[in-house]
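Below is one structure; the comments refer to it alone.
Structural data, given as structure tokens:
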């Protein structure tokens, strides 16, 4: 405290004297108080000790408490608050001390706030950077998105159509080829029976009937199957040569109607 | 110095001294450590004792607060405290004595009923605090409380005396004790 006191008025020598006077005054004050305390202490030490047992404690303690509380109360009522002598030096030094304490506290607050600010600034920068990156990513994604969108449009409108067209064309060609190959195969390997030979063996009634080729039988069966899928059975007419019918049935190419033996259908190879 | 008296010495400058009495050495030591860790404007001193009276051949500062620690798991601990109470001057009971019961958390281990301790504290007109000293967080908060009490008892809180605090605590601390 003496250091701070001297700071107030370092040039004047009278100020220093005042300070030492004030200090002495305070010390004297304290000494008096200490003397009072010692006196009280001496008086107290003369009072005998008293111990308690659990049985008698309550009442005597209550009485003691009451006495003490009453004494305290009257003390509080009597006492006027004592203040330090209103010396200008005291007040100035006290004020200065107080201010220094305040300054110290405020400096602490300032430094914490500053460090916090810096941290926040760093955070902000980092967040900004992050935001920029995210925006870049977003932009590039947007570009990619729009590109893809354009592609989708072109694909859907022209390319797929063309692809489908060529596919369709290919398949049609293939089908033609297959049909052609089938008809050639059938013509080569499954000819109609020679009528002249037959006529000799069979009776005249048969010979009058116009037989159709295996090719035609198959065509009828196929057309029936696709034109009327719910009832694909075909009545066996006299123009079907029975050996060929037998051939189709034996090889599992055609099936007989389960209830009507005069009707057959093509096996559903396409399902 | 067979009987402990509150004003048998002049107080030390800015010193507050607490005396913890109990048979649980380890727990008392832990409690004392927790108290010394507390941030406190006064110069804290913690003395530990198994029982009273204290040996008279040692110089020690003025004791501002005595806390008797009773372990509810041990009857011996209670007997020890009851014995020790005989060596305390009546003036101490004007706010400078407290009872601390530990171990109430594990009811099955208790060999001393809580009401027994409650009645003891009531008989000596002193506050009874419950705290499981084995639990760290409980012990720390109890240490905080004891430090505040000690500061009042040492006269370091202007305007509040130990007796003042006692009369404040008595009404709020154990209202159930009034019925006993």
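Residue numbers (the UniProt record's numbering), protein chains in the order written: chain A, 1 to 271; chain B, 1 to 180.
Note that the Cβ used here is the ideal one computed from N, Cα and C, for glycine as well.
#### Entry: Cβ of residue 44 (chain A) within 8 Å of any chain B Cβ
The residue given as residue 44 (chain A) occupies position 44 in the first chain. Closer than 8 Å to some Cβ of chain B, the Cβ of residue 44 (chain A) qualifies, so yes.
### Message
I need the DSSP call for residue 253 (chain A), collapsed to helix, strand or coil.
### Response
By 1-based counting over the first chain, the position of residue 253 (chain A) is 253. Looking at residue 253 (chain A) - three-state DSSP - the assignment turns out to be coil, as it is neither helix nor strand.
### Message
Does residue 9 (chain A) come out as helix, strand or coil in the three-state DSSP assignment?
### Response
As a position in the first chain, residue 9 (chain A) is number 9, starting the count at 1. Low local confidence applies: a pLDDT of 41 at residue 9 (chain A) is under 50, so the model's placement there is unreliable, and no value is given.
### Message
Check whether the region 251-269 of chain A and the region 15-31 of chain B are in contact - that is, three or more C-beta pairs closer than 8 Å.
### Response
no
### Query
Interface residues of chain A around residue 29 (chain B) at Cβ under 9 Å?
In the second chain, the residue the question calls residue 29 (chain B) occupies position 29. Within chain A, not a single residue places a beta-carbon under 9 Å from that of residue 29 (chain B); the smallest gap is close to 28 Å.
### Query
Does the region 110-130 of chain B come within contact of the region 42-59 of chain B, defined as at least 3 CB pairs closer than 8 Å?
no
### Message
Among B:41, B:162 and B:22, whose alpha-carbon lies nearest the alpha-carbon of residue 126 (chain B)?
### Response
Here the question's residue 126 (chain B) lines up with position 126 in the second chain. Per the Cα distances, B:162.
### Task
Could you please tell me which residues of the region 71-96 of chain A, in chain order, have their CB closer than 8 Å to any CB of chain B?
72
#### Entry: Cutoff 8 Å: residue 90 (chain B) Cβ touching any chain A Cβ
Within the second chain, the letter at position 90 stands for residue 90 (chain B). It does: the Cβ of residue 90 (chain B) has a partner Cβ on chain A nearer than 8 Å.
### Task
Kindly say whether residue 93 (chain B), judged by its beta-carbon, lies nearer than 8 Å to any beta-carbon of chain A.
Along the second chain, read from residue 1 onward, the residue named residue 93 (chain B) stands at position 93. Output row for residue 93 (chain B): interface = yes.
### Query
If the cut is a Cβ gap below 7 Å, which residues of chain B does residue 60 (chain A) touch?
Numbered from 1 along the first chain, position 60 holds the residue referred to as residue 60 (chain A). Residues of chain B passing the Cβ test: 90.
### Task
Reducing DSSP to helix, strand and coil, say where residue 116 (chain A) ends up.
Position 116 of the first chain, counting from 1, holds the residue named residue 116 (chain A). Residue 116 (chain A): helix per DSSP, three-state reduction.
### Query
Where do the N-terminal and C-terminal ends of the alpha helix (DSSP H) with residue 171 (chain A) fall, by residue?
Reading the first chain from its first residue, position 171 is the one you call residue 171 (chain A). Here the alpha helix (DSSP H) through residue 171 (chain A) covers 160-189.
### Query
Cβ of residue 49 (chain A) within 8 Å of Cβ of residue 3 (chain B)?
For this step, residue 49 (chain A) is matched to residue 49 along the first chain. For this step, residue 3 (chain B) is matched to residue 3 along the second chain. Going by C-beta atoms, residue 49 (chain A) is nearer than 8 Å to residue 3 (chain B).
### Task
Please confirm if residue 98 (chain A) has its CB atom under 8 Å from at least one CB of chain B.
Taking the first residue of the first chain as position 1, residue 98 (chain A) is located at position 98. By this cut-off, residue 98 (chain A) is not an interface position.
### Message
Using the three-state DSSP reduction, which class does residue 96 (chain B) fall into: helix, strand or coil?
### Response
On the second chain, position 96 is the one that residue 96 (chain B) refers to. Reduced to three states, the DSSP call for residue 96 (chain B) is coil.
### Query
Going by alpha carbons, who is nearest to residue 41 (chain B) out of B:144, B:93, B:139 and B:5?
The residue you call residue 41 (chain B) lines up with position 41 of the second chain. That would be B:144, whose Cα lies nearest to the Cα of residue 41 (chain B).
### Query
Using the beta-carbon of each residue, which ones in chain B are nearer than 7 Å to residue 41 (chain A)?
Mapped onto the first chain, residue 41 (chain A) falls at position 41. Chain B residues near residue 41 (chain A): 7 and 10.
### Query
Do you know how far the Cα of residue 156 (chain B) is from the Cα of residue 74 (chain B)?
For the purposes of this step, residue 74 (chain B) is taken as residue 74 along the second chain, with counting starting at 1. For the purposes of this step, residue 156 (chain B) is taken as residue 156 along the second chain, with counting starting at 1. Taking the straight line from one Cα to the other gives about 35 Å.
### Task
Kindly list the residues whose CB is nearer than 6 Å to the CB of residue 190 (chain A), restricted to its own chain and excluding five residues on each side of it in sequence; keep chain order.
Locating residue 190 (chain A) in the first chain gives position 190, where the first residue counts as 1. Correct list, in chain order: 214.
### Query
For the candidate residues A:38, A:55 and A:92, whose alpha-carbon lies nearest to that of residue 22 (chain A)?
On the first chain, residue 22 (chain A) is found 22 positions in, with the first residue counted as 1. The shortest C-alpha separation from residue 22 (chain A) is found at A:92.
#### Entry: Short CB-CB distance (under 8 Å) between residue 142 (chain A) and chain B
Locating residue 142 (chain A) in the first chain gives position 142, counting from the first residue. Closer than 8 Å: no.
### Task
State buried or exposed for residue 159 (chain A), treating a residue as buried only when at least 16 other CB atoms are found within 10 Å of its CB.
As a first step, residue 159 (chain A) is located in the first chain; it is residue number 159 there, counting from the start. Answer is exposed; the Cβ neighbour count stays below 16.
### Any 3 or more C-beta pairs closer than 8 Å across the region 105-115 of chain B and the region 66-83 of chain B
Taking a cut-off of 8 Å for Cβ pairs, the region 105-115 of chain B and the region 66-83 of chain B touch, as three or more such pairs fall below it.
### Query
Near residue 103 (chain B), what residues of its chain come up, given a Cβ to Cβ distance below 7 Å and the 5 sequence neighbours on each side ignored?
Counting from 1 along the second chain, the entry for residue 103 (chain B) is found at position 103. In chain order, 71, 72, 73, 109, 110 and 132 place their CB closer than 7 Å to the CB of residue 103 (chain B), counting only its own chain and leaving out the 5 sequence neighbours on each side.
### Task
Verify the CB distance criterion: does residue 161 (chain B) have a CB-CB separation below 8 Å to chain A?
Translated into positions along the second chain, residue 161 (chain B) becomes position 161. So, interface residue.
#### Entry: Straight-line gap, residue 212 (chain A) to residue 240 (chain A) (C-alpha atoms, nearest Å)
As a first step, residue 212 (chain A) is located in the first chain; it is residue number 212 there, counting from the start. As a first step, residue 240 (chain A) is located in the first chain; it is residue number 240 there, counting from the start. Answer to the nearest angstrom: the Cα atoms are 6 Å apart.
### Within-8 Å CB hit, residue 30 (chain A) to chain B
What you label residue 30 (chain A) is simply residue 30 of the first chain in a count that begins at 1. So, not an interface residue.
#### Entry: Under 7 Å by beta carbon: chain B residues contacting residue 65 (chain A)
Stepping through the first chain from its first residue, residue 65 (chain A) is reached at position 65. Per Cβ cutoff of 7 Å: 94, 125 and 163.
### Message
Bridge partners for residue 68 (chain B) per DSSP, in chain order?
### Response
Here the question's residue 68 (chain B) lines up with position 68 in the second chain. Residue 68 (chain B) is bridged to B:21 and B:99.
### Task
Please compile the residues from chain B whose C-beta is within a distance smaller than 7 Å of the C-beta of residue 49 (chain A).
The sequence position of residue 49 (chain A) within the first chain is 49, counting from 1. Chain B residues near residue 49 (chain A): 3, 5 and 89.
#### Entry: Unbroken stretches of the alpha helix (DSSP H), 4 residues or longer, contained in the region 204-245 of chain A
204-207 and 214-227
### Query
Under the rule that 16 or more other beta-carbon atoms within 10 Å means buried, what is residue 127 (chain A), buried or exposed?
To locate residue 127 (chain A), count along the first chain from 1; it is residue 127. Label assigned to residue 127 (chain A): exposed.
### Query
Terminal residues of the continuous beta strand (DSSP E) containing residue 264 (chain A)?
Sequence index remark: in the first chain, residue 264 (chain A) carries index 264 (1-based). From DSSP, the beta strand (DSSP E) with residue 264 (chain A) extends over 263-266.
### Query
Just curious, the alpha helix (DSSP H) that residue 3 (chain B) is in, first and last residue?
Your numbering for residue 3 (chain B) matches position 3 in the second chain. No alpha helix (DSSP H) contains residue 3 (chain B), which DSSP labels as neither H nor E.
### Proximity of residue 22 (chain B) and residue 28 (chain B) at Cβ, strictly below 8 Å
As a first step, residue 22 (chain B) must be located in the second chain, where it is residue number 22. As a first step, residue 28 (chain B) must be located in the second chain, where it is residue number 28. Against a cut-off of 8 Å, the Cβ pair of residue 28 (chain B) and residue 22 (chain B) comes out as a contact.
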